[in-house]
Amino acid sequence: MKLGNDLNTIKEKYQSLTKELNTNTHLLEDSKERYHSLEREFHLLKEERDSLLQTVSSSSQTLEQVTNEKEKVWQDLNTEVQRRKDLEEEIKQFGITFASRQKSLISFHSDLRSKLENFKAQNPVSIPKSLGSAATTAISSKLLVVWHATGRQVATHYCANAAQFFIFEGGSCSVISMATLSLCVVLPHFRTFSGTPSPLISMESPSRDSQ
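Numbering-wise, the sequence shown is residues 1 to 211 according to full-length UniProt numbering.
Below, the structure written as structure tokens:
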């Protein structure tokens, strides 16, 4: 009787242990599945982390490149702005210089023309008949400035004691000698004249020391 009770107790305990073993086995399987699931999730997260790190690294490089390009563009812009300011200043200075020179040139021309007109008005034309019709035709329609052989200005058209006629027309000067009545055209600028012998001729009046 006692042996039967012990067997029943052992049998119940065995069944309980078997049941517990089955439960633990199921728990172990569940744990394994959970572990594998977590491991897969870990790998996915790791791959995502690596991808994010790569993206961050690429973004950092891109940001650095964009920053460098922006700085270069800013420097180029400042250079162009300064170049434009310099160019505007050069154009402004050129305009001022050009206007000043133009004004001086106009003033010089006006002053020269006024002096010639005044000198012409103060010295009326007097052409003798001894020059002949050919000489009269050659000079009748031209403005003449006559210089004496000594360098003294004596008339605007003709003077009896003058050595030569000087005909100013356009950018050149024609010289008519009273002795030969030959016509000689020389270079402009009214400095020196070739042809028949004559003193140094200039558009400016000779000094009083030469009179």
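We treat Cβ as the ideally placed atom computed from N, Cα and C, and that holds for glycine.
Out of curiosity, what's the CA-to-CA distance linking Leu105 and Thr79?
-> Taking the straight line from one Cα to the other gives about 38 Å.
Would you report the Cα separation of Lys103 and Thr97, rounded to the nearest angstrom?
-> Our two residues, Lys103 and Thr97, have alpha carbons roughly 10 Å apart in a direct line.
Nearest-angstrom Cα separation, counted from Asp30 out to Thr23 = Going from the Cα of Thr23 to the Cα of Asp30 covers about 10 Å.
Using DSSP with H/G/I as helix, E/B as strand and the rest coil, what is residue 238?
-> Residue 238 is absent from the structure shown; the chain starts at 1 and stops at 211.
With a CB to CB cut of under 7 Å and the five nearest residues on each side skipped, what residues in its chain are close to Ser107?
-> Correct list: empty, nothing qualifies.
Inter-residue Cα distance where the pair is Ser59 and Leu45 | Ser59 and Leu45 have their alpha carbons spaced roughly 20 Å apart.
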